[in-house]
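I have placed the structure first, in the form of structure tokens, so that the comments after it can refer back to it.
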Amino acid sequence: MQWIPPFDLKRYHLEPLLAARGIDPGWLADNSLDTYSPPNIARYSITKAADVIPFRYQAAIVDQPDVLAWCKELADRAFATQKANRSAIATISRGRSLLLLGLTGTGKTHQAYASIRELAITGAAATWAVTTAADLYAALRPRHGIDSEAEFRRYRDASILLVDDLGAERKPTEFTEEINFRLINWRYEHQLPTLITSNLLPKEISARLGDRVTSRLIEMCQRIVIEGPDRRRGEAA
Ligand SMILES: Nc1ncnc2c1ncn2[C@@H]1O[C@H](COP(=O)(O)OP(=O)(O)OP(=O)(O)O)[C@@H](O)[C@H]1O
Ligand SMILES: [Mg+2]
């Protein structure tokens with residue numbers, strides 16, 4: 009773990025988030041040189057999370073209570089495991105996954121990236137990988153000079169993985185079905201926390217993703233349906 013000097017909270021849009029969670033900004037600014045200290049791990053995670061969060065969602069804050077409860081559950085588990093194993097640091101490594109469903113523009117991606125920020129400020133360590141399902145398939149297409157298995161493992165093994173827009177492709181192919189199954193099955197078997205968003209209606213999931221992926225998703229995920237208007241059309245106010 010690397011030492012990350014305290015930074016200006018504004019740079020990572022942290023003031024409203026810390027205030028919403030009742031965290032004293034002084035905690036994050038703790039200046040001891042202990043790289044394993046939760047504040048240093050939080051600073052490290054915040055910088056790493058910011059690297060993967062798209063500009064639009066860099067200030068996102070979780071405002072769905074169920075999503076917040078899921079984040080808390082993961083972090084609590086990491087700290088409880090640390091205590092039980094007397095480990096030097098808490099690591100988010102296992103736990104339930106989250107399936108965020110909802111129509112276009114209801115705020116699924118926003119809640120997903122906000123969850124990553126939420127987990128980053130806890131002081132539990134994690135590695136993040138984020139992708140849309142479409143980008144994942146594109147990145148994994150076998151082509152000259154690319155080790156697509158190594159690329160696949162980067163997503164497969166991340167301690168927190170976000171797969172945005174699962175099931176959004178117009179036509180599933182054998183290739184996308186195989187990627188979905190291999191990825192979800194691995195995350196299922198190893199109980200690795202995975203954030204999945206989808207525009208599919210609950211009743212459409214099985215037809216689109218197949219019974220075997222759906223069955224695993226049902227067991228591994230807490231399912232949250234985000235209701236409301238398309239926020240992009242400005243109807244939310
Ligand atoms: N809770 C929120 N507070 C403030 N802005 C929000 C919130 N949720 C979403 N938004 C904003 O609304 C817009 C749409 O949100 P988002 O991109 O998360 O929708 P989505 O459900 O992922 O849509 P799609 O299904 O098309 O991917 C974005 O500009 C996002 O920043
Ligand atoms: Mg989205």
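Numbering follows the working numbering, with no gaps: position 9 of the sequence shown is 17. Glycine is no exception: its CB is placed at the ideal position from the N, C-alpha and C atoms.
Kindly indicate which three-state DSSP category residue i falls into: helix, strand or coil?
i    : result
A245 : With a pLDDT of only 46 at A245, under the threshold of 50, the placement of this residue in the model should not be trusted; the figure read from the coordinates follows. Looking at A245 - three-state DSSP - the assignment turns out to be coil, as it is neither helix nor strand.
R231 : strand
W136 : strand
L36  : helix
V75  : helix
T130 : coil
V70  : coil
S53  : helix
T114 : coil
D173 : coil
S105 : strand
I168 : strand
Have a look at residue i and residue j and give me their C-alpha separation to the nearest angstrom.
i    : j    : result
F63  : S45  : 28 Å
E185 : E177 : 11 Å
P73  : H152 : 46 Å
P155 : F189 : Looking at the sequence itself, residue 155 is Asp, so the reference to Pro does not match. Spanning the two alpha carbons is a distance of roughly 19 Å.
D143 : V75  : 25 Å
G131 : R51  : 8 Å
P180 : A86  : 36 Å
L174 : I61  : 18 Å
W11  : L208 : 42 Å
L127 : A92  : 20 Å
G34  : T140 : 36 Å
A215 : Y196 : 20 Å
If you drop the 5 nearest sequence neighbours on each side, which residues of the same chain put their C-beta closer than 8 Å to that of residue i?
i    : result
Y145 : E177, F183, T184 and I187
D42  : N48
Indicate whether residue i and residue j have their beta-carbon atoms separated by less than 8 Å.
i    : j    : result
I31  : I129 : yes
K119 : I234 : A small correction: the amino acid at residue 119 is Gln; Lys does not occupy that position in the sequence shown. It is a contact, given that the beta carbons lie within the stated cut-off.
L109 : C229 : no
For residue i, which residues from the same chain have a beta carbon less than 6 Å from its beta carbon, with the 5 sequence-adjacent residues on both sides left out?
i    : result
A199 : The displayed chain sequence assigns Gln, not Ala, to residue 199. R102.
Answer yes if the region 71–86 comes into contact with the region 112–126, meaning at least three C-beta pairs across the two stretches below 8 Å, and no otherwise. yes
Is the region 156–169 touching the region 111–118 in the sense that three or more CB pairs, one from each, lie closer than 8 Å? no
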